[in-house]
Amino acid sequence: EFSEEDALASMEEEPELPSSETADIEPISGEDEELSFDDQDLPEFNEEDVLASMNEGASESPKVEAETSRPAIQADNDHDALFEVFAQQNGF
Numbered sequence: 001e002f003s004e005e006d007a008l009a010s011m012e013e014e015p016e017l018p019s020s021e022t023a024d025i026e027p028i029s030g031e032d033e034e035l036s037f038d039d040q041d042l043p044e045f046n047e048e049d050v051l052a053s054m055n056e057g058a059s060e061s062p063k064v065e066a067e068t069s070r071p072a073i074q075a076d077n078d079h080d081a082l083f084e085v086f087a088q089q090n091g092f
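For the sequence shown, full-length UniProt numbering begins at 1 and goes up steadily by one.
Here it is as structure tokens:
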């Protein structure tokens, strides 16, 4: 376990950075500000929308999978046909 006391003790043990390394560091403005999403224009959605979009993706995936597997099957068939021709010519 790591406690707050351990964290503070380890910070005290670390040496401070030389001023040449800290001179380029600029403080972050609004560091103490709390992040609020109330001011943001975020899209609204509900559980039904999420479920509908998940179902749409699921219904599309078999089509995509079938379309991508056809060339692979055709390539396998072409390879097999070429091998048969080669085997016949070379007496395999």
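Glycine included, every Cβ here is placed at the ideal spot set by N, Cα and C.
Check: Three-state class that DSSP yields for Gln-88 in the structure shown; Outcome: helix
Check: Alpha-carbon to alpha-carbon, Glu-56 and Val-50; Outcome: 10 Å
Check: Residue span of the alpha helix (DSSP H) that contains Leu-8, given as start and end; Outcome: 4 to 13
Check: Coarse secondary structure for Glu-34, derived from DSSP in three states; Outcome: coil
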